[in-house]
Each structure stands twice: as C-alpha cells, then as structure tokens.
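Okay, so here's the structure we're looking at.
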Amino acid sequence: MIFDEYKPLENKLFRIIDNDGKVINPSYYPNISDDTLLKAYKSLLFARTADTMAVSFQRQGRMYTYPPNYGQEAISVAAGLLMRSDDWLVPAFREMAAWLAKGATLKEMFMYFMGYEEGNVFRNANHMLPISVPIASQLLHAVGIGYEINYNKKDEVVFAFVGDGGTSTGDFNEALNFAAVWKTPVIFIVQNNQYAISVPFKKQSAAMNIAVKSVAFGMPGVKVDGNDFFAMYAALKEAHEYAKSGKGPVLIEALTYRMGAHTTSDDPLKYRTKEEEEVWAKTDPKKRLKQYLIDHNLWKEDEDQLVLQYKKEIERQFEEAENYKPYELDDVFKFMYTDMPDDLKRQKVEYENFLAWKEARK
Amino acid sequence: MSVMTLVQAINNALDIKLADDRNVVVYGEDVGFEGGVFRVTEGLQQKYGENRVFDSPLAEAAIAGTAVGMAIAGLRPIIEMQFDGFSYPALNQIISHAARIHNRTRGRYKTPIVIRIPYGGGINALEHHSESPEAIYGHIPGLKVVIPSTPHDAKGLLIASIESDDTVIFMEPKRIYRAIKQEVSDEKFSIPIGKAKVISEGTDVTVVAFGAMIRECQKALVMAKEAGISAELIDLRTIYPIDRETIAKSIQKTGRIVIVSEAPSSFGVGAELMAIANEEAFLHLEAPPKRVSGFDTIVPLPKGEHFYLQTPEKIFYEIERTVKF
Amino acid sequence: MRFIFKFPDIGEGLDEGTIAEWYVSKGQQINSGDALVRMETDKVVTDIPSPKTGVIAAIYGKVGETIHVGSPLVEIEIEGKFGQDAIEEAKKETLEVVEEEAAGVVGTMEVAGNNAYLPSSEEGFSKNEKQSTTEIKKIIATPVARALAKELNVDINKVNGNGPGGRVTTTDVKKFLETSPQLQRAANTALFDDTELIVYEPLSAIRKTIAKNMTMSKQNAVHMSVHEEVEISELIRIREKYKVIYAEKNVKLTYLSFVLKATALALKKHRALNSQLDLENNRMIYKNYYNIGIAVDTPEGLVVPVIHDVDKLSIFEIAQKVSELSEKGRDRKLTLDDMKDGTFTITNYGALGGIFAVPVINYPQAGILGVGRILKTPVVKNDQVVVGNVLPLSLTVDHRIIDGGEVTRFLNQILRYLEEPVSLIME
Numbered sequence: 011m012i013f014d015e016y017k018p019l020e021n022k023l024f025r026i027i028d029n030d031g032k033v034i035n036p037s038y039y040p041n042i043s044d045d046t047l048l049k050a051y052k053s054l055l056f057a058r059t060a061d062t063m064a065v066s067f068q069r070q071g072r073m074y075t076y077p078p079n080y081g082q083e084a085i086s087v088a089a090g091l092l093m094r095s096d097d098w099l100v101p102a103f104r105e106m107a108a109w110l111a112k113g114a115t116l117k118e119m120f121m122y123f124m125g126y127e128e129g130n131v132f133r134n135a136n137h138m139l140p141i142s143v144p145i146a147s148q149l150l151h152a153v154g155i156g157y158e159i160n161y162n163k164k165d166e167v168v169f170a171f172v173g174d175g176g177t178s179t180g181d182f183n184e185a186l187n188f189a190a191v192w193k194t195p196v197i198f199i200v201q202n203n204q205y206a207i208s209v210p211f212k213k214q215s216a217a218m219n220i221a222v223k224s225v226a227f228g229m230p231g232v233k234v235d236g237n238d239f240f241a242m243y244a245a246l247k248e249a250h251e252y253a254k255s256g257k258g259p260v261l262i263e264a265l266t267y268r269m270g271a272h273t274t275s276d277d278p279l280k281y282r283t284k285e286e287e288e289v290w291a292k293t294d295p296k297k298r299l300k301q302y303l304i305d306h307n308l309w310k311e312d313e314d315q316l317v318l319q320y321k322k323e324i325e326r327q328f329e330e331a332e333n334y335k336p337y338e339l340d341d342v343f344k345f346m347y348t349d350m351p352d353d354l355k356r357q358k359v360e361y362e363n364f365l366a367w368k369e370a371r372k
Numbered sequence: 007m008s009v010m011t012l013v014q015a016i017n018n019a020l021d022i023k024l025a026d027d028r029n030v031v032v033y034g035e036d037v038g039f040e041g042g043v044f045r046v047t048e049g050l051q052q053k054y055g056e057n058r059v060f061d062s063p064l065a066e067a068a069i070a071g072t073a074v075g076m077a078i079a080g081l082r083p084i085i086e087m088q089f090d091g092f093s094y095p096a097l098n099q100i101i102s103h104a105a106r107i108h109n110r111t112r113g114r115y116k117t118p119i120v121i122r123i124p125y126g127g128g129i130n131a132l133e134h135h136s137e138s139p140e141a142i143y144g145h146i147p148g149l150k151v152v153i154p155s156t157p158h159d160a161k162g163l164l165i166a167s168i169e170s171d172d173t174v175i176f177m178e179p180k181r182i183y184r185a186i187k188q189e190v191s192d193e194k195f196s197i198p199i200g201k202a203k204v205i206s207e208g209t210d211v212t213v214v215a216f217g218a219m220i221r222e223c224q225k226a227l228v229m230a231k232e233a234g235i236s237a238e239l240i241d242l243r244t245i246y247p248i249d250r251e252t253i254a255k256s257i258q259k260t261g262r263i264v265i266v267s268e269a270p271s272s273f274g275v276g277a278e279l280m281a282i283a284n285e286e287a288f289l290h291l292e293a294p295p296k297r298v299s300g301f302d303t304i305v306p307l308p309k310g311e312h313f314y315l316q317t318p319e320k321i322f323y324e325i326e327r328t329v330k331f
Numbered sequence: 014m015r016f017i018f019k020f021p022d023i024g025e026g027l028d029e030g031t032i033a034e035w036y037v038s039k040g041q042q043i044n045s046g047d048a049l050v051r052m053e054t055d056k057v058v059t060d061i062p063s064p065k066t067g068v069i070a071a072i073y074g075k076v077g078e079t080i081h082v083g084s085p086l087v088e089i090e091i092e093g094k095f096g097q098d099a100i101e102e103a104k105k106e107t108l109e110v111v112e113e114e115a116a117g118v119v120g121t122m123e124v125a126g127n128n129a130y131l132p133s134s135e136e137g138f139s140k141n142e143k144q145s146t147t148e149i150k151k152i153i154a155t156p157v158a159r160a161l162a163k164e165l166n167v168d169i170n171k172v173n174g175n176g177p178g179g180r181v182t183t184t185d186v187k188k189f190l191e192t193s194p195q196l197q198r199a200a201n202t203a204l205f206d207d208t209e210l211i212v213y214e215p216l217s218a219i220r221k222t223i224a225k226n227m228t229m230s231k232q233n234a235v236h237m238s239v240h241e242e243v244e245i246s247e248l249i250r251i252r253e254k255y256k257v258i259y260a261e262k263n264v265k266l267t268y269l270s271f272v273l274k275a276t277a278l279a280l281k282k283h284r285a286l287n288s289q290l291d292l293e294n295n296r297m298i299y300k301n302y303y304n305i306g307i308a309v310d311t312p313e314g315l316v317v318p319v320i321h322d323v324d325k326l327s328i329f330e331i332a333q334k335v336s337e338l339s340e341k342g343r344d345r346k347l348t349l350d351d352m353k354d355g356t357f358t359i360t361n362y363g364a365l366g367g368i369f370a371v372p373v374i375n376y377p378q379a380g381i382l383g384v385g386r387i388l389k390t391p392v393v394k395n396d397q398v399v400v401g402n403v404l405p406l407s408l409t410v411d412h413r414i415i416d417g418g419e420v421t422r423f424l425n426q427i428l429r430y431l432e433e434p435v436s437l438i439m440e
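Protein chains in written order, with the working numbering: chain A, 11 to 372; chain B, 7 to 331; chain C, 14 to 440.
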C-alpha cells in the first residue's frame, strides 16, 4: 500500500513516471484504461487552454482578478476522474479541472470572476461547495459534511482542497484533528505549489514536508509528485478506498509548482527567479503525460486542432457569461435570509425611491 | 516635501518609525520580501532587515496573538491583516486580549500594537475583499480605530497610532490607495487620534464621513452647492474615540446631520453619530439625523456593487432630502 | 466596424502602465488572443492580448510612454477601413473616461494623474491647532415644537422661547399662533350623532390655549380676592364732559381708561402687584415698566392685548389705545407685539354685566383687577342717604406673593384715584 510504504517521516516522494514520462515505479502503476488516460490528457489540455484564455480575458479587461491553475492540472484531473457523483467536492480556488469534472461549467466560473454570485453556485454540480476565499476555512466544512455522511450511513467521500499556505492556519489543524477524532471520510488534498503569494514554503513551515502532519493527527498521509498524473491517480484511488470503507480521513500532499502568478494581480518575478521557474517547468504534468501517451502509441490526435476547438468552446462559454442578465437590485437582497425581514424590504424601497429620483433628474 | 499617495505616505510613516524606534517591528503575510500585496511596505525589509520587517506564515489569528506577546514583552509590533475580510480569525486575540490586557493587569502590561487593515469596497474585488468592519472594532472597549482619508493624514495618524500605547486598528481605505496625491512633508509629524477635521464650512447641513467616502462627499457637496445648499463637511478620522465636540458644535450650527459610510446601516458608525446628535444637539435639530450607508446585506460582487456603495449622487439626494425636511 | 480597444485594468491597484514593446503595427492582421503590446506596471509586466480579430487601424502611445487605464491602446478595424471620426471619438472618450475615473465609478483602482495633487496641510506642525467653525445664532426648540410649528404654518424662528434655557416649546408656538394675524382655522366639521342631542366640535387653537392657561394659573397661583366699591359721581361728570371732546377726535372715552391710569399709578407704589414669582430660581422679579393688558371679548374667545407703559400715557392716549386694541381684537388683527410683556391685567366685564367676580389671574402675573358695571344705588354721604353711582371692583392676587395688607393698600389707592380723579394728575 502506498500509504504504508511512502512514509512521510522518511520524507519519501511517491512517483510513478519521471519527468520524461517514463514509468519508473511499475509496481504501483494503476489499473487504468487507455480511454481513461486519453480522457485525462484531454481534460488537462482543456483545463490548461481555458486557464490561459481566462488570464487573457482578464488582461483584456473583460474579467476581474483570476487565480491561474497553470502547472497544477494533474492533481485536479486525477481527482476529477475518481469523484463519484455523490462524493463531495470542497474546493479552495485552484482546482478548475476538478470543478469541471464535477459538473461545474466554465460559464459559471467566468461569471464568478466577472462578479456574479450566481457563478459560484455551480448549480449542476452535485454535492459541490462554492469557491472559498478565506484560506482553509472550507476544510472545517468538509469535516462537517463527513460527519453527516457517517451519521446517515451514506456511501460518500469528501474531496477537500487547500494550499501549502493554508496549512499554517488554525482551521487546517483543527479540521484535521476533528476529522481524525470523528473518523470522517475526508481526503485532504494539499496542493503544495511552493508559494503562498510571495511566501515560499520554507517560510511557511519548518517541517520536512506537509504529509508528516498526518502523523500528528493520527491519519494516513503521503507525499506525492503532484505533477505525475499516474501517482496522483493511484494515491487518490487508495485514499478513496480507505475513506469509503469507513476508516477515516487521509492527508495527501501533492507536491507541485505554481507555474503562473498567484492571481492576475501578482508578478512572481518579484520574489522568484526565472531560473527556478525553468527548473520546475521540467516537471510539467502536461508534458509528462503527453510523452507517456506518445511513447505508448496512444496519442493519435492533432493537438493544435483540438486546442482550436477548445478555444471556440471556451470563447462561447465566456460570451454567454458576458451576456448573462444584468444584476438587479432585487439580487442584492433576495438571498440574504430565507425570509426577508421587513427592515430589508424597507431599505429596498428607499433605494428604489432614490432610483426614481435619479431617473427624473435626467 | 514630496508628492505622495496614501501608499507612499504610509510607507514613509513606517520608515520613519522603524528608524527612530528599535522596538518597532512590522510583519504579516507577504509584507516582508515582496513589500505587501499593495506595495505599502515596499523596500522596508531591504532597508531594516528581516528580523524587523518580515513575512509570517499564513494565519491571521497567530499574527495577532504573537503581536500581543511581543507587545507585552516591550516591542511595538505593526501587523497587517492582508484584507478586511481576512481579519476575522484574529478577532479572538484582538477582543479577548489586545483590547483587555492593560485593564486586566491594572496597567502593568500594555499592548502598543497597530493592526493595519486595507478595507472598503469599490475595487471590483473578489468576495471577502470589500468589507467595512469599523463598527465591529469600534464597539470593542479597549481598542482605538483610526481611518485616514488623505496622504497627509495617513502619515500623521499612523505615526500617532504607532506611538500610542494602546492597540490601534488602522484601517486604510484601499480604494483611494493611489487615487489621491498630496504634498506631504518628509519630516516626522503626528496628528492626534480622536480629532475630527472640518474640511469645509457650511451652514445648512453637517455631512460627516471618513475614508474613501470623503471624496464622494466632496463631489456631492459640489452638487449641493449648485442646488443652493451650504454643507459643512467633517472628516471623522477617528472612529473610536469619536470627536464629540467638533460634531456637536457643527450640528448646533447647522441643525442637520447626514452621516455617510460604506458599511451596513444597522449598528454602524451612522447609528452612533445619530445618538450623539440627539445627546448633544437635540434642541438644535431641524431635521432627523440621516445615515447614508449600505444595505443590511453582504457587499454584492462587482456586477452588483454599484447598488450598494454610496455615490455622490446618492449622497446629494439624501442631503437635499434632509435640508428640505 | 471600428473597435477601439482601451488599456484595460490588469490588476488590483494599478492602472497606469508603461509601454515596453509593441508587437503589432498599423495595417497588421491580428487574431483575437494574439499579443498586442507588452506593458510594464508597478506590479506586473505583461502582454496585453487583442480582444478582436481584424486589422490594426491605429496605435496609441510610443515605447516608454505611460498611459492610464481607459486610454485607447489600439484601434482594430474589423472591416478594413480607416476613419478620422473614430480617432476623434477616441480622444473624446479619453476625456470622458478620465473624468469618470475621477468620479470613481469606472475601473478597479484609480490612480491619480501626475498633474493633480492636493496641497500640503499644516496640521501636526503648528502649536495651536485651532479648529473653529463660525457660530451662528439660531433658536433652540424641541422637535415637537418644530413639528407643531410646521403643522400650523408658523415660522418657528419668530416665536419667543419661554421654556427652560429659552427654548421654544409647543406652548410658545400655540401662544404665538393665537395672537398672530393668521389664526389657524381649524377644520370645524361638526359631528352630529343620530339624535342631534349631542354636538361634537373640535377645539380651536384659542380655546385650547385658554383652557390650558386658566388651568395653569389656578394650579400655580394661590387666588385670593378682595371686593370693593367706589363712588364715582365725580368721575362720571368728567367723563360726560370729555366724552364729547374725545368723540370729535374719534376716540371713545370709557371708564376703563381712568381705571387703567389709576391702576398703573397704584402699581408704581405697590411693586409687589407688578411682579412675578420665580420659584425655580428662588427669586422675585419686579418690573419697572407698567404694561397692562385688557381683556377683550372676541367671537373666538378671550384675548388680552397689552397697553405698554400706561403710566406714561395720558388719558387720551390710553383711550385711543383701548379703542384700537379692542377693534383689532374683534377683527383678529392683533400682532405679537400687541400681546406681549404684560405685567398686570384688567378685565372689564362690567360692560357686559356682572357686579362682582373672582377673576382668574393672567399667569404668571401677580394680580388681576376686575371692573363690574356701574350701579345707581343709595349711598351714604355726610350721614345722608343719597343716590350714588357705584363702580364695583374685584381684585384677585396671588397670595403666595401678596399678603392681605398689601392687597388692601393697593386697592384703596385705586379707590382714592377713582373717587377723586384730580389726584391722578396731581401726584
């Protein structure tokens, strides 16, 4: 078992393929069909294309601040393949491929980053929470959901995401502790992309890795090469089995690199070097998976054509988001409470009077 | 003299205090090496070293709690909550400790902490980045809450806050971080905490505001002037302790008061000033005091924010209604 | 179609950028998403991609130039034509956008232009931080008083404040109203019930005020009355003679004018009757002027206009005043000045009927003199019973202030003046 062999305290890194896509750990090679592999790569390609375009839309002034996923896609793609419909997805904000796999749409994602709350609802994604901006606060919610799963004896598992910065918070530590004590079926996936905005991991924690924290809280943990699709898939599969069987929570540290900026308002070269970026670019998940497919004669498509198709689709969804119905005054008030207090009704009427006055002045 | 934005004025104030008091330390998330996500602390780590200006791990509660410890031990920490909406985990340390230690130790220990918080909306930001929590902090006994609206005031008030032996919540209106430039002296100076400022005199109505709303009010006052209304504009500058005297004198003169703020109306600064209007100027009131502030809703995301924030037109509308009462 | 692409906001807080490198030139075909230009800002160095596919029609800004968010970057022609109007439009839009930015409505974070900055402030440097706002004197009034004034169409700034601290109270407003030329005509819709045995009528402002004042007077002053009679045959003779002379001057001469003069001179000698008890401040207020109010009966009710400085007026002038005020009262033309500052009151019910009465003090005055109707009645003169003309007087005083002795002394003085009218001018 991965969790038994790759002990965090020994600072072991679980990998299956190397930077060139060659299988170096055949005994842990997962049981995965060719179709699934192709599907995985296409999902990755689509996610990366959408991500690049999102940044471009922001630069065009058509969307506001956006956090790119660039370089971390394999983690989300792997999770996306393993999440069942009734499994829960508790996102942070850098897991686009997983959101899409769960049933969220790009249109909704674009809407959210344009400034519509409706986007964050991801209506057609069963058992998915909205994006969480206050770092790591969502992990406690994941544990609560896990409690309900046990309480009602359901067959569901929670996929909860957080970044390396988030592991410093009280919420992270409290969540892991509660999860372990209550034996909730939560897979904690820490995307360790090495940076919390400008703060490098060595300033975030003095621990040898993040996976060791699992020991402190009494749950299995493993450090995985997050840019290795196969390793992520295998580790997540084992974690899923473990949680599903009622044994409790699991901690997976997915070691990766944030190839892009923290958000479109950030300039990484202020605090890291191009050289460092180039070193990590060698571990690019897309490159490695592609190489594997090519080496195993599985890749028969024209990537450029595919990307063009994807771009069209992404553009289409973006334009739909842009044409979403205008924000109405009612939308500000409607959802504050399940039953609107009289005082809010009064405030709305007062504002309508102002709007009437404004209109009359024209 | 240099022309400074609020960001530069705050940076300058920090620079001056780091230089003249070895006990001053500055920390928070991304505050050290990068100089802060708004570049407010830019260059300071390079100048004063990593043990004085540094990045902390990501944990607001811990940032506040460690500041309490440092302050008790004799340092003067200036910490940053990266955004208003992220300051809440720190509330426990602020309310349960920073605000109380001087009282519970009968003066033996004090907590001279400055907690810098960029706050306020109007920047098309994501969720949790546009809050206006001054009433929450103002309601806690033991804290002082300061909000500047110009570069000069930002520098003077920040220096006063750092030199204060109490915990000061220093809220920086991020919307105008770079929108206002002003000639500011390069020397050290301070502006007393607890003093409001009459920005322009008038006779028909007193308008009180703070932070980014001052600029909106100034525009509204132009509209008011065209309509024949002479308004007196007061910049509150300190939320707690409020400058009662200046407010009272003004209402006694004009007989009317309009209070403008971003935050939700209920239980806010507007409500407090309305109470003061009654207590200090009951017999002088010719119209009910009016608070012009946000709905009791969460700040809408950018596509809906225009409904929520006070605009010059909306402010003028309320001023006119008050004068015509 | 011409598309003008403006430099978009590309990060929280910065919307000023310097052009580092142009990737396109005029006339070049470009696809949506292709990089147009490299921009350098405080936070980010980045490529700006094109939002449209077309041909570059114009490029704004040179390498090294700083431009603001919202300013045009490029013009993309989606049809292939160039137009001067588009450029004009772009220039206009730049101004508009800059103005809008100044208004704080467009864009993410605003950045001040290079040329506009605030002047420095002296605060924090000078020793005396004097912050004065110029003071303006305004009346103080309770909100209810202001509301009432508004409702009754009264300018509250004209109302005299008699409440604590000089504040205008609802009483003051009402008082002002009843004496003002524009008396409010309350909607008098009489309500009849089925039987017509009971009629409801809303109270007029005057009636309400009178009711209130009478109550207040009785509740505060301790009323004590003394009744006297004075033989005024001498006065009658004088009056008969001068009645004709005054009539030529259109002035009606009544006995009231003599009573007024007599009272004023008597008040001069008995200051307690011309005073006010100020319990709140533990003191007596003695007035050295003699303004006597005369009760005037009007259709609306009793009003009490005041003749000022009666001691200084001649009988003629007093008679004039009496006529004038009575007429004004009946015509509802009395002004505030006509009503204010009374120190003593005379009520002449004798004209209508009634011999003796127990008048109610016009609070907060110290006394009120009631004048009844003249009776032809047997009197004793030189131990002989003869026909005499008797004027009954009823004086009510506030017994808190005025003791029995003082009352009688004062009244006797008036009696002497009226019995021997020449004493009015001799003293």
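By construction, the Cβ of each residue, glycine as well, lies at the ideal position given by its N, Cα and C atoms.
| query | result |
| --- | --- |
| Closer than 7 Å at the beta carbon, the chain C residues around A:Gly-71 | Pro-21, Asp-22 |
| Cβ-based neighbour list, A:Asn-136, same chain, cut-off 8 Å, excluding 5 preceding and 5 following | Ser-95, Asp-96, Lys-112, Gly-113 |
| Selected residue, minimal CA-CA separation from A:Lys-213, among A:Asn-187, A:Asp-181, A:Gly-175 | A:Gly-175 |
| Status (buried if at least 16 other CB within 10 Å, exposed otherwise) for C:Gly-93 | Bear in mind that a pLDDT of 39 at C:Gly-93, under 50, signals an unreliable position, so the number given afterwards is only what the model happens to contain. With fewer than 16 Cβ atoms within 10 Å of its Cβ, C:Gly-93 is classed as exposed. |
| Any C-beta of chain A under 8 Å from that of B:Tyr-183 | no |
| C-alpha distance - B:Leu-171 paired with B:Ala-70, whole-angstrom precision | What sits at residue 171 of chain B in the sequence shown is Asp, not Leu. One C-alpha to the other measures close to 16 Å. |
| Sub-8 Å separation of C:Val-392 and C:Val-384 beta-carbons | no |
| Straight-line gap, B:Arg-156 to B:Leu-163 (C-alpha atoms, nearest Å) | Rather than Arg, the amino acid found at residue 156 of chain B in this sequence is Thr. So the two alpha carbons sit approximately 10 Å from each other. |
| Neighbourhood of C:Gly-314 by C-beta distance below 8 Å, restricted to the same chain and skipping five residues each side | Ser-217, Ile-219, Arg-220, Ile-223 |
| Any chain C beta carbon closer than 8 Å to A:Ser-66 | yes |
| Length of the line joining the Cα atoms of C:Glu-123 and C:Ala-158 | 48 Å |
| Chain B contact residues for A:Gln-214, given Cβ-Cβ distances below 7 Å | Pro-63, Leu-64 |
| Burial state of C:His-283 (16 or more Cβ within 10 Å) | buried |
| Min CB distance C:Thr-31 to chain B below 8 Å | no |
| Chain-ordered chain C contacts of B:Gln-51 [CB-CB under 8 Å] | Near B:Gln-51 there are no residues of chain C at all, since even the closest Cβ is about 17 Å away, more than 8 Å. |
| Assumed close pair B:Ala-19, B:Ile-165 - CB separation to whole angstroms, cut-off 8 Å | 5 Å |
| Exposure of B:Pro-247, with buried meaning 16 or more beta-carbon neighbours within 10 Å | exposed |
| DSSP beta-bridge partners of B:Ala-77 | Its beta-bridge partners do not exist; DSSP assigns none. |
| Under 8 Å between C-beta atoms of A:Val-234 and A:Ala-217 | no |
| Beta carbon of B:Thr-212 nearer than 8 Å to that of B:Glu-238 | yes |
| For C:Thr-184 and C:Asp-351, the rounded distance between their alpha carbons | 18 Å |
| Beta-bridge partners of A:Met-11, as assigned by DSSP | None; A:Met-11 has no bridge partner. |
| N- and C-terminal bounds of the alpha helix (DSSP H) containing A:Asp-44 | 44-69 |
| C:Ala-203, buried or exposed, once every other Cβ within 10 Å from all chains shown has been counted against 16 | Summary for C:Ala-203: the model assigns pLDDT 33, below 50, so the residue's position carries little reliability, and this model does not support an answer. |
| A:Trp-375, DSSP secondary structure in three states | Residue 375 of chain A lies beyond the residue range present for chain A, which begins at 11 and ends at 372; the question has no answer from this structure. |
| Which residues DSSP lists as bridging B:Gly-34, in chain order | B:Asp-61 |
| Unbroken alpha helix (DSSP H) run spanning B:Asp-241, endpoints | Here B:Asp-241 belongs to no alpha helix (DSSP H); instead the beta strand (DSSP E) covers 237-241. |
| With 16 other Cβ atoms within 10 Å as the buried cut-off, status of B:Glu-66 | buried |
| Cβ shell of C:Glu-112 (< 8 Å), same chain only, five flanking positions each side left out | Because the pLDDT at C:Glu-112 is just 30, under 50, the model does not fix this residue reliably, and the point stays unresolved. |
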